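Order-wise, the sequence lines are chains A and B. Letter by letter, the first sequence follows residues 3 to 396 of this note's numbering. Letter by letter, the second sequence follows residues 3 to 396 of this note's numbering. For each residue, glycine too, the CB sits at the ideal point set by N, CA and C. This one's a predicted model, so the numbers in the text were calculated from it and none came from an experiment.
Protein chains: 2
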Amino acid sequence: MSVTAPRGFRAAGVGCGIKPAGPDLALVAGDSGCSAAAVFTTNRAQAAPVLVSRAHLAGARARAIVANSGCANAGTGERGLLDAREMARAAAVAVGCRPEEIVVASTGVIGVPLPIERVRAGIAEAGASLSREGGEAAARAILTTDTRPKQVALELRLADGTATIGAMAKGSGMIAPNMATLLAFFTTDVAIDGRLLQRALREAVGESLNRITIDGDTSTNDMAVVLASGGLPLPAILDEGDAFDAFRAALTEAARRLAAMIVRDGEGATRVAEVRVEGARHAGDADRIARTVAESPLVKTALAGGDPNWGRILAAVGRAGVDLAIERLDLFLGDVWVAEGGRARDYDETRARAALDEDPVRIRIRLGDGSAAGWIWTCDLSHGYVDINAHYRS
Amino acid sequence: MSVTAPRGFRAAGVGCGIKPAGPDLALVAGDSGCSAAAVFTTNRAQAAPVLVSRAHLAGARARAIVANSGCANAGTGERGLLDAREMARAAAVAVGCRPEEIVVASTGVIGVPLPIERVRAGIAEAGASLSREGGEAAARAILTTDTRPKQVALELRLADGTATIGAMAKGSGMIAPNMATLLAFFTTDVAIDGRLLQRALREAVGESLNRITIDGDTSTNDMAVVLASGGLPLPAILDEGDAFDAFRAALTEAARRLAAMIVRDGEGATRVAEVRVEGARHAGDADRIARTVAESPLVKTALAGGDPNWGRILAAVGRAGVDLAIERLDLFLGDVWVAEGGRARDYDETRARAALDEDPVRIRIRLGDGSAAGWIWTCDLSHGYVDINAHYRS
């Protein structure tokens, strides 16, 4: 159930004192060089590890991922870049490769420099404890406000045998990946062309991690990376076709499972909701409306209270910036049709209230403007979110 | 200190049972017909009173405003339109004019029909109790989750004498007016051409009520209206010039005071902040960045906690969708320069923390991309906001 499930990977997670306590440094290493692909945050304020990893992955090859929690190494200027490169150098020594073969990732507080001596010691320790059983420890070492690790392993039937995809992620706040993602690391033992791997990752993320929002705040450090070891004695995927389609579907499924775990562990989350928009003119319109509803503080607090206050959903749809005919809008909470043609139906309030206790809560918005659809997962806005974020650095 | 401060206006506020208790119906009437102007919500889901009032104001004339709280008359379809027109008809009988001379406004829960019999009785009662002293009662009757009435009266020196502007507003949640506004009603005793009045209102609102955001949720019912009675024996303002400039400046000042009162009474607000962006390429860019920072849940919760977590401001700037060079960004909290060139400065944490206790908190973002600037006022996101909104309809 981890990044070490596929053949050809070892991992470790250690504590080196970036956080006051607990594990805070993860290393995931291929036994040899891997095909690699990644997508990064679209935030203009990109953290040093994002800049360094993007450069390192230019050749679509990598050997290992080193990631720390407790410090984002963002807003740290030139020193941040030196520190990120030093992380790569130390990890290269630990696993025996060139620094350019290392993917570097960081998550935590912005604007504080890394305690690089501790990080260097932690990387050496992690390198010495890499093992086939280390996936769980690595998954724990990348967490921040998460309350539990997030891991996936699934099998993938190909014509000539069965491959495996493993994955881990962190993320609980500052989550609105939108074109990139948070920290998510995938491993697989298939052999695949780097360009195809990049395409599979982009498509998988577009239908999973890019469709979650906890607070609308896109991070400076988001990154999703996949390493393909080719550790299985199977033919390499070098072209489009059945094998590529199967791999892409499996990668999407792994990414969706991680996405669901992240929303469920959203900061302070007590309810999870799926917002689905149908009948839009364009898919982009549907996505924009879904996101506006999912990020509305009024919708999210009503969700926290279990209040089927559909008028707030209507108001959020109306301010989404999409040209639409509100008099053709239908609205469903679970299976309860609460509004028709933009106005209240004579619905059963008790049933509508019960729809807010389903898991996930299903908010369905049907426009009468076309045939495009979109969806997003979100969670509620509760006291817990305020508690966690009012004093995050203290 | 109210809408009855200018000559030529009477007002009343009564309780007619739309809310469980308290005043919920306001009437503000000119002694005779007034020049009138209004701006309305840009939400595509427009409430019935918005549709009716826009039609009534097509001729830039009005006699009175009738407004209720406790029910937004939004998401109510054809019945909502009939009810809004019935409010106008009843108010026209009460003040002695045509229904088309009445501005109708509603605020409260969306998706619930008006108890029109009670409203009709309330309008008759309000009509019978109109007085020069009724401004305060009217200001109380339009409140929802507001904790206090919001009123302004100020004098305006013109070449030939002194005129007065009065105003009242309501608004505490679902506040992100953006191109229109919440419920705000202005009165004045100057005589002014309707077209100039519209222009003065639009410009005043653009520099005041459009620059506040409490939760980013633009309402279905937003409306700002100004009635000019011409009750003073002064020359009418029929052209641009000194008198128009003086009037516009005074109207802007009145609108700013209301805007400040609204943010200060934001749902659950414990701190108020001014976000100012300088050095942008375009004013639109500056406004967009200011709004993104002001609406970021992470920035707002840090504000609630008094935590000078400037990294979240940096992250919000980066995701605002504006093309900018983060390595030229400077950031100030109050007078403390916390980040320079996109990275942390060696600042005094105690002073930065003290800057979060100023009123308002001043967040200043200096880009190095141009000379345009923008600003917005906001409040924090506290437990109080969640409390108020988790069970708003219950």
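| message | Do V265(B) and V274(B) count as a contact pair if the criterion is CB distance below 8 Å? | response | yes
| Who are the Cβ neighbours of A23(A) in its own chain at under 8 Å, not counting the five residues just before and after it? | G17
| query | Can you name the residues of chain B whose CB is closer than 8 Å to the CB of I328(A)? | reply | R46, A47 and Q48
| said: Can you confirm whether P299(A), when its beta carbon is compared against all beta carbons of chain B, has any partner nearer than 8 Å? | reply: yes
| Near L468(A), what residues of its chain come up, given a Cβ to Cβ distance below 8 Å and the 5 sequence neighbours on each side ignored? | Residue 468(A) cannot be examined here, being either before or after the span of chain A that is shown, 3 to 396.
| query | What residue range is occupied by the uninterrupted alpha helix (DSSP H) comprising M263(A)? | reply | D244 to R266
| request: Look at the alpha carbon of L240(A) and the alpha carbon of L234(A), and state the distance between them as a whole number of angstroms. | output: 15 Å
| message | Any beta carbon of chain B sitting closer than 8 Å to that of D309(A)? | response | yes
| field | Residue environment, T149(B), which counts as buried when at least 16 other CB atoms sit within 10 Å | value | exposed
| Whose C-alpha, out of T166(B), C381(B) and D350(B), is nearest the C-alpha of A252(B)? | T166(B)
| said: Please report the straight-line C-alpha distance between A76(B) and P51(B), rounded to a whole angstrom. | reply: 8 Å
| Would a check of beta-carbon distances place W312(A) closer than 8 Å to chain B? | yes
| Ends of the beta strand (DSSP E) at K152(B)? | K152 to L160
| task | Would you please state the rounded distance, in angstroms, between the beta carbons of A392(B) and D309(A)? I believe it to be under 8 Å. | result | 7 Å
| task | Can you tell me which of C36(B), W377(B), A356(B) and I365(B) puts its alpha carbon nearest to the alpha carbon of A193(B)? | result | C36(B)
| task | Could you have a look at M89(A) and say whether DSSP puts it in helix, strand or coil? | result | helix
| request: Could you spell out where the beta strand (DSSP E) holding R65(B) opens and where it closes? | output: R63 to C73
| field | Opening and closing residue of the beta strand (DSSP E) in which L300(A) lies | value | Where L300(A) is concerned, there is no enclosing beta strand (DSSP E), although the alpha helix (DSSP H) it sits in stretches over P299 to G307.
| Is any beta-carbon of chain A found at less than 8 Å from that of H284(B)? | no
| query | Any idea if S55(B) is buried or exposed, counting beta-carbon neighbours within 10 angstroms, 16 or more meaning buried? | reply | buried
| request: Would you kindly check if the distance between the Cβ of I118(A) and the Cβ of D85(A) is under 8 Å? | output: yes
| request: Could you pull out every residue in the same chain whose Cβ sits closer than 6 Å to the Cβ of A374(A), ignoring the five residues on either side in sequence? | output: A282, H284, A285 and A288
| task | Run the CB neighbour count on E351(B), radius 10 Å, all protein chains shown included, and call it buried at 16 or more, exposed below. | result | exposed
| Where V54(A) sits in the DSSP three-state scheme | helix
| field | Contacts that T352(B) makes with chain A (C-beta to C-beta distance below 9 Å) | value | Within chain A, no residue comes near T352(B); the closest Cβ sits about 13 Å away, beyond 9 Å.
| request: Could you please give the first and the last residue of the uninterrupted alpha helix (DSSP H) stretch that includes G196(B)? | output: G196 to G208
| query | Thinking just about the alpha-carbon of each residue, which of R81(A), R314(A) and I67(A) is nearest to the one in V114(A)? | reply | R81(A)
| On the premise that V68(B) lies in contact with L29(B), defined as a C-beta separation below 8 Å, what is that separation, rounded to the nearest angstrom? | 5 Å
| request: Taking the CB atoms as reference points, tell me whether T407(A) and P25(A) lie closer together than 8 Å. | output: What is shown of chain A runs 3 to 396, which leaves residue 407(A) out entirely.
| What are the residues of the segment 208-240 of chain B that lie near chain A, defined by any Cβ-Cβ distance shorter than 8 Å? | D217, G218, D219, T220, S221 and T222
| query | By how many angstroms is the C-alpha of L300(B) removed from the C-alpha of R142(B)? | reply | 33 Å
| task | Using a Cβ cut-off of 8 Å (strictly closer), state whether V363(B) contacts chain A. | result | no
| query | Are the segment 197-210 of chain A and the segment 38-48 of chain A in contact at 8 Å, needing three or more beta carbon pairs? | reply | yes
| request: Determine whether the Cβ of I112(B) lies closer than 8 Å to any Cβ atom of chain A. | output: yes
| Using a C-beta cutoff of 8 Å, does L316(B) count as contacting chain A? | yes
| field | Per-residue DSSP class, three states only, for T166(B) | value | strand
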